[in-house]
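Undergrad:
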Amino acid sequence: MTVVDALPGVGRRLLAGPTDGRLDTHLARYGRPPRLDGAQLVGLLRDAGLTGRGGAGFPTWRKVEAVLGASGVPVVVGNGSEGEPASGKDRALMAYQPHLVLDGLQIVAGAVGARQAYLYVAGASAAGVGAALGARRGAGLDPVPVTVVVAPERFVAGEESAVVNAVEGRAAVPSDKRVRVTEAGVGGAPTLVQNVETLAHLALIARFGPHWFREAGTAEEPGTFLATVGGAVGVPGVVEAGYGVRLGDLVDAAGGPAERLQAVLVGGYHGGWVPALPELAVSRAGLAPYGASPGAGIVVALPVGVCGLVETARIAGYLAGEVAGQCGPCINGLPRLATTLTDLAHRRGRAGLGREVDAVREVERLSLLVSGRGACRHPDGSVRMIRSAMRTFAADVAAHLAGRCLAEEAR
């Protein structure tokens, strides 16, 4: 994945310049990682307003505090599995700044009193991470031992409980359990699972402080994030920007639109479709009116000549094939939803449905049946993306019901 650059105005933070995995370059730039106790780290993270960069956007300090308050010796896991097909920012970060991620892992492990840490990464990142860990051992940088676990290439493999299962040697699928992993995770110990980008930000906050972190982003959503900008853009790649950045500026940073755009998928396959409005602020507040959020920083530009319903049906079919197979909404609901959406996208009638307009009602009926009833959040995220498509591509839906396709006409 190409690292494009940081946008003007935010400075170079995570993208402060490639170290190519070299420890000497990293130490010359940042020095050795500081050591903090639990109270110090929680205070820094709370003041900074750092939220998780893996998709959910949960306040990082709350997760650290929950682990500190649990019974037992904690375990810390850095999550760089990145099972989302449209994302490349975690793999790019692991190749570009691995020691910043490993610093964050050590800082948080030391602060919560962990004796074991894990780094859960995609297969493509494993060799580079292993080399970085070897260099750090030689320099005596890692008092808490780190074990690398290779994540399978599955969409649900990065879910928090799936990460715990994988670390324990079981299938990387979410667990249907009421106890949070911060209370009982790896080996029954309280477990802190943090995205690798979150850990890199944490390492910088520990060095430069909350005020420095808040110089980028907005007052409500401070800091920068890594955006994977793809689709119909000139130079697909990873861009660092502050929250609240204009959607048009993100697209321009990736080489600008390769052709005229009609919509953008923000937040990935569990995200939402929004109109291609250059002034739209990429933040939770800015995207909320469209039922979307920045999520894991994914931005996929859709040109006018590609049908949004066909593209949504393709994604829905992929998501239906990535289920854990542990509950009715995944086993039955998502495949039926994907099939119904595919029929609508390709203007096909279905047995048992009197008219194509019934396919629209069937999409909503199945969405209601699936949402909120799964063993994990996979059904909910899939429904969120599908519903956003039905809103954003409402004109396309009407055209398909009339036997037309606006994208075909635009071509």
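The numbering of the sequence shown is the working numbering, which starts it at 1080 and goes up by one. All C-beta atoms in this analysis are idealised placements derived from N, C-alpha and C, irrespective of residue type, glycine included. Just so it is clear, the structure is predicted and the values come from calculations on it, not from any experiment.
1. Whole beta strand (DSSP E) runs in the stretch 1249-1317 with 3 or more residues, listed along the chain?
2. Thinking just about the alpha-carbon of each residue, which of Leu1281, Gly1134 and Leu1106 is nearest to the one in Gln1119?
3. Can you list, in chain order, the residues of its chain with a C-beta nearer than 7 Å to that of Met1173? Leave out the 5 residues immediately preceding and following it.
4. Residues in the same chain with beta-carbon distance under 8 Å from Ile1465, minus the five sequence neighbours each way, listed in chain order, please.
5. With respect to the beta strand (DSSP E) encompassing Ile1377, which residues constitute its N-terminal and C-terminal limits?
6. Classify Gln1195 as helix, strand or coil using the three-state DSSP reduction.
7. Given 8 Å as the limit, is there contact between the stretch 1106-1126 and the stretch 1318-1331, that is, 3 or more CB pairs closer than that?
8. Compute the Euclidean distance between the alpha carbons of Gly1189 and Ser1450, then round it to the nearest angstrom.
9. In chain order, what residues of the same chain have a beta carbon less than 6 Å from the beta carbon of Val1361, not counting five sequence neighbours either side?
10. Pop quiz: Leu1068 and Leu1381 are said to be a contact at Cβ under 8 Å. What is the actual Cβ separation, rounded to whole angstroms?
11. Within the same chain, show all residues whose beta-carbon is closer than 6 Å to that of Ala1278, passing over the 5 residues directly before and after it, in chain order.
12. Where does Leu1123 fall in DSSP's three states?
13. With a cut-off of 8 Å on the beta carbons, I'd call Val1235 and Ala1399 a contact; round off their distance for me.
14. Comparing C-alpha positions only, which one of Ala1306, Gly1407 and Gly1122 sits nearest to Arg1132?
15. Which residue spans inside the stretch 1341-1373 form an unbroken beta strand (DSSP E) run of at least 3?
16. My understanding is that Arg1371 touches Gly1347, with C-beta atoms under 8 Å, so please give their C-beta distance in whole angstroms.
17. For Val1143, which residues in the same chain have their Cβ closer than 8 Å to its Cβ, ignoring the five residues on either side in sequence?
18. Among Ala1473, Thr1303, Gly1313 and Leu1388, whose alpha-carbon lies nearest the alpha-carbon of Ala1332?
19. Roughly how many whole angstroms lie between the Cα atoms of Ala1055 and Arg1259?
20. For Ala1165, which residues in the same chain have their Cβ closer than 8 Å to its Cβ, ignoring the five residues on either side in sequence?
21. Check the DSSP bridge columns for Gly1321 and list the partner residues they point to.
22. Alpha carbon to alpha carbon, what distance is there between Glu1487 and Lys1148?
23. According to DSSP, is Val1152 part of a helix, a strand, or is it coil?
24. Excluding the 5 residues preceding and the 5 following Ala1196 in the sequence, name in chain order all residues of the same chain whose CB lies nearer than 8 Å to its CB.
25. Can you list, in chain order, the residues of its chain with a C-beta nearer than 8 Å to that of Glu1247? Leave out the 5 residues immediately preceding and following it.
26. What does DSSP give as the partner residue(s) for Asn1158 in the beta ladder?
27. Name the residue from Arg1194, Gly1162 and Trp1352 whose alpha carbon lies nearest to the alpha carbon of Gly1151.
28. Just verifying my parser: in three-state terms, what is the DSSP assignment at Val1330?
29. Residues in its own chain within less than 7 Å of Asp1475 by CB, not counting five upstream and five downstream?
30. Using a threshold of 8 Å, state whether the C-beta atoms of Glu1468 and Trp1352 are closer than that.
31. Hey, quick one: how far does the beta strand (DSSP E) through Thr1226 stretch, first residue to last?
32. Under the three-state reduction of DSSP, which class applies to Pro1336: helix, strand or coil?
33. On the premise that Arg1092 lies in contact with Thr1303, defined as a C-beta separation below 8 Å, what is that separation, rounded to the nearest angstrom?
34. For Arg1440, count neighbouring C-beta atoms within 10 Å of its own C-beta (all shown protein chains included) and say buried if the count is 16 or more, exposed if not.
35. For Ala1478 versus Val1383, is the C-beta distance shorter than 8 Å?
36. From Arg1363 to Glu1300, what does the alpha carbon distance come to, in whole angstroms?
TA: The short version:
1. 1270-1274 and 1303-1310
2. Leu1281
3. Same-chain partners within the cutoff: Gly1159, Val1180, Val1200, Ser1204, Gly1207, Val1208 and Val1275.
4. Thr1391, Ala1395, Leu1416, Leu1420, Val1442 and Ser1446
5. Ile1377 to Pro1382
6. coil
7. no
8. 39 Å
9. Excluding residues within five positions, the ones whose Cβ falls inside 6 Å are Val1324, Leu1326 and Pro1373.
10. One cannot answer for residue 1068 here, as it falls past the ends of the chain, which runs 1080 to 1490.
11. The question names Ala, but residue 1278 in the sequence shown is Leu. Excluding positions up to five away in sequence, the list reads Gly1157, Val1180, Gly1183 and Leu1184.
12. helix
13. The Cβ separation is near 12 Å, so there is no contact.
14. Ala1306
15. With a minimum length of 3 residues, the unbroken runs of beta strand (DSSP E) contained wholly in the stretch 1341-1373 fall at 1351-1354.
16. The residue you asked about is not Arg; residue 1371 is Ala in the sequence shown. The Cβ separation is near 10 Å, so there is no contact.
17. Gly1117, Leu1120, Val1121, Leu1124, Val1187, Ala1190, Val1191 and Leu1271
18. Gly1313
19. For the chain, the structure presents residues 1080 to 1490; residue 1055 sits outside this window and is missing.
20. Cβ within range, chain order: Thr1307, Gly1309, Leu1344, Gly1347, Tyr1348, Ile1377 and Val1379.
21. Thr1303
22. For the record, residue 1148 in the displayed sequence is Gly; it is not Lys. Cα to Cα, Gly1148 sits roughly 58 Å from Glu1487.
23. Of the three classes helix, strand and coil, the one that applies to Val1152 here is coil, per DSSP.
24. Val1154, Val1155, Val1156, Gly1157, Leu1184, Gln1185, Ala1188, Val1223, Pro1224, Val1225 and Thr1226
25. Val1265 and Gly1266
26. Partner(s): Tyr1199 and Asn1274.
27. Arg1194
28. Helix, per DSSP.
29. Cys1386, Gly1387, Leu1388 and Leu1485
30. Strictly speaking, residue 1468 in this sequence is Ala, with Glu absent from that position. Between Ala1468 and Trp1352, the gap from beta carbon to beta carbon is short of 8 Å.
31. Thr1226: member of the beta strand (DSSP E) spanning Val1225 to Ala1230, first to last residue.
32. Note: Pro1336 maps to strand in three-state DSSP.
33. 5 Å
34. exposed
35. no
36. 8 Å
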